[in-house]
Every structure is written in structure tokens, then in C-alpha cells.
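Just below is one structure, and these are the notes that go with it.
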Ligand SMILES: Nc1ncnc2c1ncn2[C@@H]1O[C@H](COP(=O)(O)OP(=O)(O)OP(=O)(O)O)[C@@H](O)[C@H]1O
Ligand SMILES: Nc1ncnc2c1ncn2[C@@H]1O[C@H](COP(=O)(O)OP(=O)(O)OP(=O)(O)O)[C@@H](O)[C@H]1O
Ligand SMILES: [Mg+2]
Ligand SMILES: [Mg+2]
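As C-alpha cells, this is what we get:
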């Protein structure tokens with residue numbers, strides 16, 4: 104078993120492994136179903152930050168919610184350190200929930216407007232079978248851990264700023280000492296300076312606590328900054344998985360290339376190669392995806408085989424995984440510099 | 063400040079709800095202290111009918127020579143009690159049904175909502191008449207009927223609220239750290255879903271007062287010889303030729319009571335829903351206090 | 491470029507809102523101009539007054555609860571001095587505006603073609619049919635394929651990018667001199683954002699439209715605009731060419747903003763984060779530099795009121811601008 | 015000037031246009047224009063007067079012979095003759111739905127003697143029969159029409175009356191038009207009458223005030239004064255047989271005890287009742303019949319006038335020294351409920367607490383008279399053309415209205431004397447005895463004698479009020 | 010769309026059945042009995058029992074209901090126990106009257122409600138708004154029969170402008186019909202107008218503050234076009250909902266108002282039938298009313314789909 108982590112101190116094997124995950128939704132009215140996630144597999148190592156990026160509707164949140172057991176899992180396996188999360192039910196499921204915690208995008212919606220910050224952070228603790236003796240002290244240390252002070256504990260959410268609310272959410276997610284933290288667009292709604300603060304916080308938490316993070320964003324810059332490895336999703340499938348560094352400097356999938364090209368960069372024109380957008384049109388409907396390679400309708404390298412055959416996610420030289428028939432032939436450009 | 067501005071301030075300011083609340087409080091006190099303030103028994107026929115206003119009879123007497131003021135005061139008792147009973151029953155039936163339907167969903171929801179729809183498909187007063195016919199006459203029975211009639215709309219409202227609340231992020235968060243369903247319902251869903259129900263219930267208090275009047279008018283819900291506003295209005299309405307003014311004391315009492323409950327409901331809604339409240343308050347403040355007066359340590363929506 | 495009269499000239503714009511806590515000033519002393527065919531960026535953090543500025547120019551702020559002072563000249567007419575009726579006549583004809591949320595900004599109950607045709611007929615005496623034809627034409631121009639049949643679609647039947655194209659078509663159908671775009675791409679995917687920004691650039695160039703592009707994304711400004719106005723707390727703190735701002739910001743806030751953004755080659759390194767303000771209330775504003783409570787370079791002199799210093803091709807609201815060597819988007823060779 | 019149309023406001027909609035099927039006393043006013051009765055009555059005395067029968071004699075004590083008017087035809091052209099009379103009476107006795115079966119219970123058979131003469135054979139002497147034929151039982155319907163319509167006759171009434179049925183919108187209005195072939199010369203004067211029925215008394219009054227009706231029957235006491243104040247409007251009041259009073263449940267305590275009933279009789283202040291209930295218009299009475307009526311004994315004094323102290327004493331004597339709880343019931347309707355409340359309050363003053371349930375008339379009547387689940391109901395007696403009908407109904411132990419079948423000592427003798435005597439003065443004396451017994455044993459407690467009020471615009475002429483309290487508007491005329 | 014509508018119509022069947030069953034049980038459970046009424050004033054217990062048997066009232070309730078239902082589905086609502094009139098005919102006679110009344114009241118409610126609602130939303134938080142709010146609160150606070158009494162005493166008896174009582178069919182004589190319709194329509198419609206004004210104000214204020222209205226302003230549309238074409242169209246769904254609810258309320262409220270104006274509509278029919286325990290009339294009327302309400306709700310549902318392209 105060749106894990107990505109070479110460090111022998113860690114127990115062997117990934118913390119989380121997602122195998123051929125499918126998430127389906129029944130469309131209201133019509134009798135059709137929508138495959139929001141269609142056969143996605145990846146692993147997250149212990150202490151690793153795994154980034155997931157993709158355009159709106161590509162199924163990022165559905166993956167996250169499936170891991171949280173909040174979305175219906177149609178097929179596939181989700182294994183957390185040997186436990187099949189997807190097969191847990193009832194009490195058993197509730198017991199295991201604490202092991203994976205989530206920070207949601209909408210920081211205010213995920214806090215009950217009627218609860219004080221203290222109550223919100225203490226709530227997961229109360230829900231445990233054996234609540235910790237010093238819950239109060241724990242709450243106080245958590246709030247400081249996320250960079251707020253105890254004076255915030257008795258406030259109601261609506262008196263806090265977006266960044267402060269997101270800090271409270273993080274504190275609450277940490278209360279149960281999860282092994283995996285899922286951040287679904289946790290910084291997307293925030294101003295850049297606030298976003299920077301939260302990113303710094305997540306980084307320091309990850310480094311100090313050694314927890315694994317699934318970090319979802321549509322902002323390639325942020326994901327690339329934070330993650331060890333990044334998965335690129337397109338229409339319910341993974342197009343490419345690679346280390347952040349490799350992905351940005353040497354993309355192997357045309358979609359990744361297009362994303363990099365479209366990323367607006369705050370650099371003076373002198374330091375930036377002007378490139379026309381490499382991609383036209385928008386993501387097709389997930390209810391009725393293209394045959395074969397799902398990206399083929401927008402791909403500038405499209406060939407006949409793309410419509411006929413679905414490219415598997417396969418290893419390529421250089422360590423990454425790519426779902427493109429022609430990954431070896433194409434010469435793709437990385438970040439503009 | 064323009065004349066319009068003054069009028070607007072008077073009507074739209076919190077004064078309106080304060081006025082409503084004070085009025086209701088006054089009515090409640092009068093009702094409780096009825097024996098002290100009434101001066102006569104509400105059923106004593108101790109004068110000629112329709113004496114008109116006098117020192118002995120502040121609001122005159124009714125068709126049986128009873129003191130209208132005394133009957134009004136005791137009637138407030140009956141009408142307020144009736145309103146609260148009806149709304150209590152409506153909430154008591156409607157909220158659990160809506161909660162169960164909204165939270166459980168599926169066939170439970172389908173069955174409950176079909177029943178609710180059925181009850182909603184009868185014109186309310188007709189259903190109330192039918193239920194009163196079964197339960198027998200009398201104020202309490204009539205208000206039980208009104209409560210039953212009101213309950214489906216509470217159930218629908220509650221269900222809708224539960225459906226919305228169930229999808230909120232904090233509920234999902236609670237699920238994600240393993241909270242049991244009962245906790246989520248009790249701690250998150252009910253407190254956050256109940257607000258519109260409370261507002262609606264306030265409006266319903268007014269509607270119940272009106273329903274009491276209507277049922278009394280068709281002769282149901284009356285407990286002779288005890289007064290309620292509806293009973294008084296009905297009997298006064300029988301003598302509009304002889305005593306045209308007779309319909310005003312009970313009619314105005316009903317209208318004012320309903321008005322007060324509605325105003326209270328309105329202001330409750332304003333206070334509870336931020337969208338309208340700020341708008342309204344801004345408009346008011348703009349007129350009243352042009353100078354900036356920042357409140358110290360106001361909470362900010364920004365930071366870092 | 492300066493030979494021509496600018497398409498939009500804003501002078502000393504002040505906007506305040508009447509709130510529960512009294513009158514709150516959201517925009518103060520904002521002046522800028524935009525020439526024909528020029529795209530000017532307005533950036534700043536949330537609540538810095540970008541939208542308030544735009545809405546004030548358009549005359550779209552609530553009449554009851556806001557106060558606007560100053561002037562905004564479009565084709566020689568001061569928008570802020572017009573009566574509501576006159577304003578309605580020039581809106582959409584001389585000035586157009588597009589908004590952030592293309593879904594909620596279109597009337598969901600009307601076909602897009604009709605919504606555009608309605609705009610045409612509001613300003614020109616043309617037949618229904620001609621207006622409809624014009625709608626199809628402009629839809630084609632903003633890159634909507636099969637415009638004739640798509641014009642009969644309802645907004646919800648379109649994707650986000652398509653809707654934003656419709657918004658642009660609607661704003662430009664009467665060929666206004668000025669277009670104000672308030673975060674037009676924030677709700678869109680990056681790939682679509684790139685397309686829309688390209689479209690804006692093309693249209694501005696082809697029609698000579700002056701564009702005010704409001705965004706909080708410095709990347710977007712860098713790719714689209716020639717000049718940038720950085721707003722902080724209702725004031726313009728720095729105004730200059732985009733490249734100058736990114737290379738060598740002179741206001742600490744501009745610099746800090748640039749430093750917040752994750753950058754290639756600094757994987758996992760802590761990002762710069764503008765420290766939290768000390769006073770918690772946004773309304774208790776310092777009489778001196780408004781950025782002072784959060785500024786890393788604050789000095790005693792900053793407590794004095796700060797005028798916008800005119801430095802020729804650049805304006806900065808910082809007395810210490812010449813004492814500081816602030817980092818930009820690229821490592822600078824020390825001078 | 016003959017001709018024209020009038021609109022009559024009535025608060026009692028007819029229950030049927032088939033006279034023997036209808037259930038309400040108020041039907042008569044709507045039926046009079048359509049039907050003639052065998053016997054009429056004198057409006058002043060209620061003495062029998064010629065109707066379709068020009069003469070009526072007891073040829074034997076148990077045989078009543080009627081001589082019929084000549085030249086009368088039904089509105090559908092069917093001749094009116096002895097066969098028609100036999101048809102009608104036989105129908106009234108045999109039709110399952112008939113509501114006059116009891117009234118005609120004394121009839122054995124009906125014989126056609128000649129086209130103009132009918133013989134009615136009785137089981138026993140029945141002085142009341144003649145005036146019974148002045149009411150709905152004497153209204154003659156066309157045999158041909160009954161034949162034709164069968165069960166639906168009620169929707170297509172045909173009589174010999176002065177007006178033809180035109181249409182009826184149930185509960186709303188009935189329209190009748192002049193019968194050009196009416197047997198009475200130059201009658202009727204009007205071309206058309208519209209009856210408008212109102213469920214609400216005030217609405218009826220409003221319609222009158224707004225001149226949407228020309229006259230209103232049975233104006234309640236409360237509206238008499240206000241309507242009198244309207245110019246052009248007359249209110250005609252006339253004493254009637256309608257008497258307010260209370261029924262007791264004799265089948266159980268407390269009112270199986272005569273002393274308790276006497277206590278109630280003493281507890282009621284009739285003048286106060288009149289003042290409140292009728293604004294002083296009704297006349298206090300202790301007899302079932304109104305003053306001035308031939309069956310009324312003007313010399314009879316009330317043995318239990320209002321006397322609260324005595325009422326209390328009687329209560330104690332009856333074994334209720336600490337007061338009494340009784341269950342009362344009242345019919346729906348403004349006046350009924352008011353009456354009950356006034357009496358409730360008056361009884362309270364002597365320590366009798368009466369609870370009060372209010373329901374519709376049939377249900378209340380069943381509860382009280384058939385099921386006997388209440389102690390007392392204060393309502394009224396609407397009167398009958400013949401006083402014997404009244405006396406039998408109220409005092410005979412077999413009567414429906416005698417809840418508990420109480421028979422006062424000597425009452426049976428007095429009753430049969432009253433119904434079988436032929437000589438009016440002897441009958442009057444017998445009724446005096448009946449009334450005296452009623453006063454003593456408080457069987458039915460008479461309280462007020464109600465006048466009947468009709469409000470009529472001054473341009474309408476010919477109103478003849480009567481003791482019976484049911485006005486016939488057929489022969490009015492207008493300017 | 011058509012299939013979907015048919016499907017939804019079919020889904021209404023159980024509601025109607027349940028409604029008819031509930032009413033049937035309710036009225037039969039009520040004390041009292043039509044045979045008492047039929048038996049007349051001084052009937053014997055045996056006579057009443059005989060009538061009960063002949064009416065089939067001695068059978069079990071379920072049996073009676075099923076008999077009723079088997080006739081009803083064939084369109085035969087039976088005959089009135091008391092008057093022998095065909096119930097279908099009785100409803101056919103009274104329903105148009107009540108519907109005309111309900112229609113008049115709806116017109117009053119919609120016209121006044123929409124005008125007031127729009128006016129106060131456009132001038133939100135001004136004196137106009139305050140005055141409209143006060144008037145409409147007062148309108149909603151008055152029992153409609155009381156308002157009826159007051160209107161009659163002022164406009165019919167006092168000023169003699171309009172008739173005090175009665176009813177004329179619109180088909181028979183439109184002018185007189187309208188004169189007769191005015192007062193009852195106002196009495197009935199006032200509450201609805203107040204309700205519509207209040208709710209519409211709230212909805213419109215929200216809509217007028219929405220993004221797409223801002224777009225319309227930015228496009229340079231006139232304010233009246235924005236309000237009357239765009240905003241009001243946006244308010245159509247809630248507006249139609251309120252109107253739908255009003256129909257149900259009005260059908261009930263006529264019971265009371267018909268008495269005040271001496272109109273013999275379906276309300277009067279059902280009340281007097283209920284008083285006489287004329288079971289099948291009550292059942293027939295209430296089921297027809299429920300059917301109307303259910304159909305109105307269905308129509309409301311359908312109109313959502315028409316007025317809002319997003320709902321399909
Ligand atoms: N509860 C649901 N019911 C039906 N469809 C859903 C549901 N949740 C998501 N979808 C659909 O599944 C697909 C994937 O959605 P998902 O939210 O996972 O995408 P995403 O990548 O997170 O997008 P975004 O960036 O917009 O958050 C979309 O087409 C979405 O419309
Ligand atoms: N209608 C209003 N009433 C009161 N205050 C307002 C109103 N609109 C805006 N403000 C205030 O004015 C200031 C500037 O707001 P504005 O919307 O212009 O910011 P912005 O720069 O556009 O922010 P964002 O990036 O979030 O859109 C803020 O403090 C805001 O709270
Ligand atoms: Mg997502
Ligand atoms: Mg903005």
C-alpha cells in the first residue's frame with residue numbers, strides 16, 4: 104500500500120476514502136433522477152488538506168454532503184478509518200457523526216438565530232453520550248482558539264459579522280474533535296481580508312491539531328494556496344486529481360487548463376500574459392449530461408472518441424490522476440505568469 | 063413638520079401598538095374587575111328599557127332594562143375569554159399537526175394535509191355552525207367550534223414554517239453533530255418556526271371576537287342571560303328601530319377589540335420580521351430625529 | 491483622451507442614509523470621471539460605499555431614507571438635479587446599469603425579449619414589432635445564440651451567464667453613454683466571468699461606452715479596467731491607473747487589499763490579513779484617516795483630516811504616502 | 015279606484031300551500047288569498063259567519079249539516095260542490111301527512127246529501143267543529159288539482175279564493191293575481207299581491223320604512239312606536255287570542271306539586287313583564303282568553319297576583335325553603351328568549367334559579383312535551399277559533415301540551431260542558447269554570463294578552479283586524 | 010399540463026368525499042330530528058317514530074350516508090325532508106343569488122383593496138399610508154352584519170339612495186340588480202378589501218424593494234408602469250391566494266348578511282334547514298359550498314401556473 108504520506112509515524116492508509124460515489128436526486132414533478140455525483144473516487148490522508156474545485160453544479164457540495172451523510176448515497180462506499188460511513192444507521196450513525204464535522208458556506212444560516220454563541224458551541228457537546236465534565240471551559244478555549252474572545256460568547260449571531268460567525272461555526276465544528284473537517288465554500292461569502300483571516304485560521308488549526316480537511320471552493324487561487332492535493336470536478340465527475348503545485352503549473356486536463364486561464368489575476372498587465380478565454384459556453388445541465396467525456400462540449404481539443412467513450416480517471420506520469428483520453432498527447436499551459 | 067407628518071407619526075409610530083396594548087390591558091383589567099366597576103349586575107332588570115344615557119346608567123339600558131355598561135364590562139370578560147379559548151384550541155390542535163406533518167413528511171404529511179384541506183374547504187362559519195349544533199349551544203362550545211375551525215390554517219402555517227426551517231443550515235448542522243430528532247424539533251424547529259404562528263394567533267384573537275359576534279348573530283353560542291359582545295350586539299340589532307344607538311356600544315367594543323388585536327399583530331410582525339421593521343423605523347426616525355445619534359457599541363456587521 | 495469631455499463626471503458625491511441610529515454617511519467626497527470607451531474600476535470591501543455611489547448616480551436610492559449631495563454629469567446634464575420624472579427619462583437612455591444577481595435582477599414573469607423591447611419603447615417612439623426586432627438584434631450582439639427563439643424565454647429558463655448577457659443587452663439597448671456595472675460577475679463561475687468581462691470590454695470599445703465596473707475582486711479590475719478607484723469606508727482612498735496601483739500602491743489600504751489575496755508561489759504561507767478595527771462600531775468614525783484603526787503604518791499625523799492628495803495622474807488619501815514603500819502585487823526591486 | 019298591487023311584509027314564511035299539510039300557524043295569512051274556508055268568522059267576536067257554507071246546523075247532536083254556496087268554482091274551473099267538500103274532509107282525515115287529523119278527530123264520516131248539502135257525522139258532540147272549519151281544515155282545495163299534481167300539490171295550489179297563485183320563491187316571496195271569476199261581486203279590488211317573507215324582523219321593518227312593502231303583518235311591540243312615528247304610516251293594534259304563558263312539567267318534582275306552581279304564579283310580576291317585553295303594550299291577564307272575548311269571565315279575580323313574599327312562603331310550603339333549581343327551556347326567537355330571560359330574572363328574586371336552554375321550536379317542543387326533560391317553558395298560546403280547542407289543548411290530560419297528563423279536579427266535567435253545550439251563554443259559563451280551575455291549580459300560567467299590530471301605509475284601505483290575529487289582506491284596496 | 014391538471018382534479022375527489030362524510034356525520038350527530046318538525050305541533054311519539062322510519066332515519070348512519078352518496082354521485086341530492094322541494098332545485102334557486110352577492114363583494118374587495126394596497130405601498134410610511142392602514146384596519150374589525158345595519162340605516166333609510174332590502178337578478182334587470190347589490194356587497198366586501206389592501210401592501214413593499222424592480226427603474230420605465238404592470242403582476246400569486254380565501258369566507262359570511270338584507274340565498278337556506286334538521290338539504294348545500302371552495306382553490310392553483318412561468 105503506497106500511501107501518499109511517507110511519514111511512518113502515521114497509521115498507514117488514508118483517513119477517508121471515497122470509492123465510486125454516486126449521489127442521486129429525484130427531480131420533483133418529472134419522474135427522472137439527477138446524478139449530481141457520478142462515480143467519484145478519492146482519498147484523503149491523515150493530516151492532509153484535500154481541495155475540491157469546480158464550477159457551480161459540478162457536485163462539490165453533494166460529495167461533501169454525502170460524506171456528512173446529509174445527501175442520499177445511491178452507490179459507492181465512504182470509509183473513514185476503516186468504518187463504512189455509508190452503511191451506518193440510527194444510533195450508530197449518530198455516534199460516528201462526531202468524527203466528521205462541517206463548516207458551511209452560509210455562516211449566518213448555519214447558526215440558530217435564537218441561540219447565543221455559547222449555546223451554539225456547546226450544543227454538539229451536549230449531544231454526546233457522555234458530555235465532557237468541563238464543557239464550559241472547553242467552550243471558552245474553543246472561542247479563543249478561533250480568535251474571538253469570551254465576550255462574544257453571550258452574543259446572538261445577528262450581532263456578529265460574517266467573519267466572526269464563520270469563526271463560531273469553526274469553533275462549533277471543532278468542539279467534537281473531529282478527525283475530518285469538511286469546509287464547503289467556507290470562505291466564499293467573505294471579503295478578501297476576512298477570507299484571508301479564516302484561511303490563516305484553518306491552516307494553523309490543521310497544523311496544530313493535525314486534522315484532515317476537505318476544502319471545497321470555486322476559487323482556484325484559494326484552493327491551490329491551501330490544499331496538498333486538489334481534485335477538479337466537472338459535472339459530477341473528477342476530471343483531474345493532482346498536487347496543488349502540479350495542477351497549477353502543469354495541468355493535465357483541458358478543463359483545468361481552461362480554469363487556470365479564466366482565473367483573473369491581480370497582476371499588472373506587464374506581469375501577465377493576456378490570454379483569451381479558452382472556454383466557451385456554460386456547464387451543461389446535470390440532468391442531461393453529454394455522453395462520453397462530459398467536458399467534450401466545451402473542450403477545444405475534442406475528438407470523436409470523446410463522445411463515444413467515457414474516459415476513466417487514471418494515473419499519469421507525474422503522480423496525478425486524469426480523466427482524459429489524450430492526456431499524454433496534449434500540451435497544456437499552466438498558470439499565466 | 064407637516065400636518066401629514068404629525069398624523070403619520072401618531073398613527074405609525076410605536077404609539078399605535080402601545081395604544082393597542084394599553085387598550086387591551088385596560089379591557090382585561092375592566093373584565094377582571096368587572097364586579098367592582100360594573101355598579102349593577104349584568105342581568106338585573108332594574109330599569110325601563112332603553113332609558114338612554116344618564117348618571118344612573120352611563121350607557122343607558124338595554125331592551126330588558128339592564129345596565130349596558132355593566133353588560134359591556136361583563137361581556138368583555140366573556141369575549142376575551144372566548145377569544146383566548148378559541149385561539150388556544152386552534153393553536154393546540156394546529157401546531158402539533160403542522161409540526162408532525164412538516165417534520166415527518168411522506169404519507170403522514172399527505173394524510174394530515176388532506177384532512178386539513180377538507181376542513182379548509184368548508185366556509186368557516188358554516189363549519190362552526192355545524193360543530194356548535196353537535197356540541198350544543200353555549201359560549202364555550204361555540205368557541206371550541208371556532209377553535210376547531212381555525213386550527214387547519216394554523217396547521218398549514220406551521221407545516222410551511224417547519225418545511226422551511228427544516229432546510230435551514232443550523233438544522234443541518236445539528237444533524238451533522240448527531241443531535242436526535244426530538245432535540246432538533248424542540249430546540250431548533252419549534253422556536254424558529256413558531257413566530258409566524260404567534261403573529262397569526264394574535265390576529266386570530268381578533269377573528270375569534272368577530273366569530274363570536276357572528277355566531278351570536280345567528281343565535282348560536284349564547285348563554286342566557288349572560289352577556290358577551292356578540293350577544294349584546296345581536297340583541298341591540300333587534301331593536302334598531304326603537305333604539306338606533308344601541309348597536310354602537312357592543313359594535314364599537316368589538317371593532318376596537320379586533321382593531322387592538324390586529325394592531326398588536328401588526329407590530330409584533332414588524333418587530334419580529336427585520337425587513338419591515340427597519341423600514342418602518344427608519345421612516346419614523348427620519349422624521350423625528352434628524353440629528354445623528356450613534357448608539358454606543360452598536361453591533362457591527364463587519365469586522366476583521 | 492482628456493481632450494474629449496468625459497462621459498461621466500462625478501463631483502463631491504455625498505450619500506447618507508437615515509437609519510434607526512440617525513443619519514449615517516455611506517459615501518463622502520467622491521469625485522471621479524470616466525471617458526468615452528473607458529472602463530474604470532471601483533473596488534473596496536463590503537460596505538465601503540460602492541453600490542451607494544452607483545445607485546446615487548442612477549438616482550435609485552430610496553427617496554425617503556437617503557440624502558444625496560454633489561453632482562453627476564452625464565452628457566452635460568446633472569443627474570442629481572433632475573426631478574424623478576426627468577430622471578426616469580434619462581435612465582436607460584443616457585445611463586444603463588447592470589447588477590450582481592442576474593436572476594433576481596430580471597422580472598421573472600416576463601419574457602426576456604419583452605423586457606428588452608419594453609426598454610426600447612420607454613425611450614423611443616417605435617412600434618412593438620420594431621422594438622421586438624431590436625431586442626433580438628441586441629441579444630445576438632451580446633452573444634446569445636439563436637437570439638430570435640431565445641428572446642421568448644423566461645429568465646428562469648436561462649443559465650446565469652445567459653441572464654447576465656440579457657442584463658447587459660437590456661442596459662445597452664438604447665446605447666447609453668455610461669454603463670454602471672455593480673459586481674456583474676460575482677455570482678458567476680470563473681469561466682463565464684471571463685466571457686462576460688470580455689464582452690464588456692468589446693462593447694465598451696465598439697460603442698464607446700464609458701463603464702464604471704464595481705467589484706471587490708482586484709483580479710477582475712486588473713483584467714478589465716484602465717483606471718482604478720479604491721474605496722474605503724465611503725471615501726476614495728486611491729485613484730490611479732490599474733498597473734500603477736498593483737505595482738506600487740501608495741495607500742496602505744490598497745496595499746493591504748493586494749496582500750490578502752493568495753498568490754502563486756506562496757503555498758500554505760499565512761496570508762496578510764488587515765487587522766480588525768479596534769473600535770467595534772462602524773459609525774464611530776475617526777475624524778482623521780478612516781483607515782487609521784486598522785492601518786499598520788498609522789502615525790500621529792494620521793489623526794488629522796485626510797484630503798485626497800492630487801499627484802497628477804494619481805490621487806491618494808494618505809499624508810504618509812511618500813514616506814511608505816508599500817508592497818504591491820509583484821515583488822518590487824528595491825529602489 | 016280599483017286595481018293596483020300591494021306588497022305585504024310577513025315574517026313567517028308558509029310551510030306549505032297545501033292547507034292540511036302546513037305546520038305553522040303563520041301559514042294562514044299566505045293561504046287566505048288562495049283559499050276560501052267553509053266557515054268564516056266575525057272579526058269582532060270570532061262568531062261563525064258564512065263562508066263557502068252559507069248555513070251550518072247540528073241537525074242532530076252528532077250531525078253537522080252544511081249548506082253550500084252556489085255558483086262557486088275553483089280557480090281551475092272545477093265546480094265547488096258537496097263532492098268537493100267531502101273530498102277535502104276525507105283527505106284531511108286520511109292523508110298521512112295531514113296535520114289536522116287531531117282537530118278533525120271527532121268526524122266519523124262525511125256524506126254528500128245533494129250537490130249543495132253535506133252531512134258530517136261525529137263520534138260525539140263537538141261544538142268546536144264549526145270554527146275548526148274556519149281554519150286550515152276548512153280551506154277547500156280543488157280535487158282536480160290534487161288529482162293532477164298528487165304529492166306535488168303543495169307547489170301548485172288551487173282554491174276558490176280571490177287570488178290565483180302565480181309563483182313562490184321559497185322563503186322569499188309569493189305572488190298572487192286577481193281571480194277574475196271570484197264569486198264575490200266586485201272583489202277583489204287589487205290586481206296583485208306580493209308577499210315578502212323576512213327572516214329578520216328588523217329587515218322587515220327596514221323594508222317597510224323604505225316603502226319596499228306597503229304593510230307589515232305582526233309588527234312586534236318594539237317597532238310599534240317607531241313605526242307610528244313614520245308619517246303616512248298607521249299602526250293598527252287589536253287585542254288578539256295570542257296569550258303569553260308558561261307550561262309546566264307535571265310529571266316530576268317540583269311542578270307535580272300544585273303549591274310549587276302557585277309559588278311560581280305569585281312570583282311573576284305581569285306588569286313588569288309587559289313593560290319590558292312589550293313596552294307596555296300587552297295586557298296582563300290571568301286567563302287564557304283576552305278581555306272582551308266571549309269566553310272570558312270578566313269577573314274572575316286572580317287568586318295568585320304578584321306577591322314575592324307569598325311566593326317565598328308557598329315555596330317553603332312546597333318544601334323548598336331554601337329556594338329551587340329548575341331547568342327551563344325556550345324557543346328560538348327574539349321575543350321568546352326575552353320573555354324567558356325576564357321570567358328567569360323575576361324567579362331569581364324569589365329564590366328560583368332557572369337555567370335556560372334555547373333551541374328551535376320542534377326540538378324544544380319535543381324535549382319539553384314528549385321527553386319531559388325540562389321543568390318549565392314560557393311561551394304563548396296562539397289561540398284557536400273555538401275556545402274549546404284551546405281549553406282541550408291546554409287542560410285535557412290527553413293533550414300533547416299537557417306535559418305529564420295532569421288533570422285538575424273537576425276539569426274534565428268543565429271541559430266537556432264547554433264543548434258540548436249548544437247555548438253560547440252556557441258555554442261561556444263553562445269556560446269561566448275552566449278558567450277558575452286553571453287559576454287555582456296553575457295548569458297553564460297565563461301572563462299577558464298580546465295585541466296584534468299591523469303597520470300599513472295610509473293609502474292602503476280596508477284593513478279589518480280580528481281577534482284571531484291573522485289578517486286577511488285579500489280585500490284591501492289602494493289609492 | 011393538461012394531464013397534470015386532470016391528475017390534480019382527480020386528487021380533489023377524496024377531499025370532497027371526506028368533506029361530505031364529515032358534514033353528514035356532524036349534522037346527524039346534532040340533537041334534534043326532522044321528523045319532529047314534520048309531525049307538527051301535537052304529534053305523538055309513535056307518530057314521530059313512524060315518520061322516522063318512513064324517512065329511513067332509523068337506519069345506521071353509515072348506511073344512510075352510503076345511500077345518500079350513491080344517489081349524490083349520480084347527481085341526485087334528494088328532496089328536502091321538510092318542504093319536499095328537490096334539493097338540487099333549491100340549490101339551483103338560491104346559489105345564483107348568493108354567488109351574485111359573493112361576486113359583488115369580491116368586486117368591491119378587489120377594486121378597493123387593490124387601489125388601497127397599491128396606494129399605500131407606493132407611499133409606504135407616509136400619511137396616506139397611515140390613513141389607508143387605519144381605514145382598512147377598521148374595515149377588517151367590523152362584523153359585516155353590523156356594517157350592513159349601519160349602511161342600511163344611512164344609505165337606505167336615511168338618505169334613501171339605495172334599496173334597503175331585497176334582491177334582483179342581474180340577468181333580469183341589471184340596473185335594479187346593481188342598486189340592490191351595492192349595500193350588501195359593500196357590507197360583505199369591506200373585510201375582504203381591508204384584507205387585500207393590508208396583504209397587498211406588504212407584498213408590494215417587498216416587491217418594490219426587490220432587485221428586478223430596481224432594474225426596471227434603471228431601465229427608465231415610468232413609475233406607474235413599474236407598479237401596475239410589473240409589481241402587480243409579481244403580486245399576482247399572493248393576491249390570487251387572498252382572493253381565493255375570500256371566496257370561502259364570503260360564502261360563509263352571506264349566511265349572516267343575507268338576513269340583514271332580506272335576501273334568500275343559500276346561506277338562509279342552510280340556516281333554516283339546519284334549524285329544521287333538514288339533513289339532506291344541509292348536506293347538499295355544504296357539499297356544494299365545499300365543492301365551490303375546492304374548485305376555487307383549484308382555480309387559484311391553476312392561475313399560479315398561468316401567472317408565474319416558474320411554476321409548472
Ligand atoms: N437537494 C437537491 N435536489 C435536487 N437536485 C440537487 C439537490 N442538491 C443539489 N442538486 C443538484 O445536483 C447538482 C450538483 O449540485 P451541488 O450543490 O453538489 O454542486 P456544487 O458543485 O456544490 O455547486 P455550487 O458551486 O453552486 O455550490 C446540481 O445540478 C444541483 O442542481
Ligand atoms: N438603504 C440603506 N439604508 C441604510 N444604510 C444603507 C443602505 N444601503 C446601504 N447602506 C449602508 O451604506 C454603506 C455602504 O453600502 P454599499 O451597499 O454601498 O456598500 P458596497 O460597497 O456596495 O458593499 P458590497 O460589496 O457589500 O455590495 C454600508 O455601511 C451600508 O450598510
Ligand atoms: Mg456547493
Ligand atoms: Mg454593493
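Chains as they are written, first to last, in my numbering: chain Z, 104 to 440; chain L, 63 to 366; chain B, 491 to 825; chain S, 15 to 493; chain A, 10 to 321. Just so you know, even glycine gets a beta-carbon here, dropped at the ideal spot from N, CA and C. The model shown is predicted, which means the values in this text are computed figures rather than measured ones.
If the cut is a Cβ gap below 9 Å, which residues of chain A does residue i touch?
| i | result |
| --- | --- |
| residue 185/S | 103, 273, 277, 278, 281 |
| residue 652/B | The premise fails here: residue 652/B is roughly 16 Å from chain A at the closest Cβ pair, so nothing lies under 9 Å. |
| residue 597/B | 221, 222, 224, 225, 239, 242, 243 |
State the Cα-Cα distance for the pair residue i and residue j, rounded to the nearest angstrom.
| i | j | result |
| --- | --- | --- |
| residue 340/L | residue 510/B | Note on residue 340/L: pLDDT 39, under 50, position unreliable in the model; the coordinate value appears next. For residue 340/L and residue 510/B, the distance between alpha carbons rounds to 7 Å. |
| residue 167/A | residue 82/A | 50 Å |
| residue 293/A | residue 280/L | 20 Å |
| residue 139/S | residue 262/S | 30 Å |
| residue 427/Z | residue 254/L | 49 Å |
| residue 35/S | residue 357/S | 34 Å |
For a contact meaning CB atoms closer than 8 Å, what does residue i contact in chain A?
| i | result |
| --- | --- |
| residue 221/S | 173, 174, 175, 271 |
Starting from residue i, find everything on chain B with Cβ-Cβ shorter than 7 Å and list it in chain order.
| i | result |
| --- | --- |
| residue 391/Z | Under the 7 Å cutoff, chain B gives no residues; its nearest Cβ is about 13 Å from residue 391/Z. |
| residue 373/Z | 733 |
_Within the region 154 to 226 of chain Z, ranges of the beta strand (DSSP E) (whole runs, at least 3 residues)_ = Runs of the beta strand (DSSP E) inside the region 154 to 226 of chain Z: 176 to 183, 203 to 206.
*asked:* Residues around ligand 1, please: the condition is that the C-beta lies closer than 6 Å to some non-hydrogen atom of it.
replied: In chain order, the hits are 128/Z, 137/Z, 139/Z, 157/Z, 159/Z, 160/Z, 161/Z, 162/Z, 163/Z, 164/Z, 165/Z, 321/Z, 389/Z.
*Where are the alpha helix (DSSP H) runs, 4 residues long or more, that stay fully inside the region 68 to 120 of chain L, in chain order?*
As far as the region 68 to 120 of chain L is concerned, its whole alpha helix (DSSP H) runs of at least 4 residues are 76 to 94, 96 to 99.
*With a cut-off of 8 Å, do at least 3 Cβ pairs link the region 586 to 597 of chain B to the region 645 to 656 of chain B?*
At 8 Å Cβ cutoff, the stretches touch.
*Can you find at least 3 beta carbon pairs, one from the region 207 to 217 of chain L and one from the region 144 to 152 of chain L, that sit closer than 8 Å?*
Verdict: yes, contact present.
*Taking contact to mean at least 3 C-beta pairs separated by less than 8 Å, is the region 15 to 35 of chain A in contact with the region 257 to 271 of chain S?*
Output reads no: the region 257 to 271 of chain S does not touch the region 15 to 35 of chain A.
*Counting pairs of Cβ atoms below 8 Å between the region 202 to 212 of chain Z and the region 163 to 179 of chain Z, do you hit three or more?*
They touch, by the three-pair rule.
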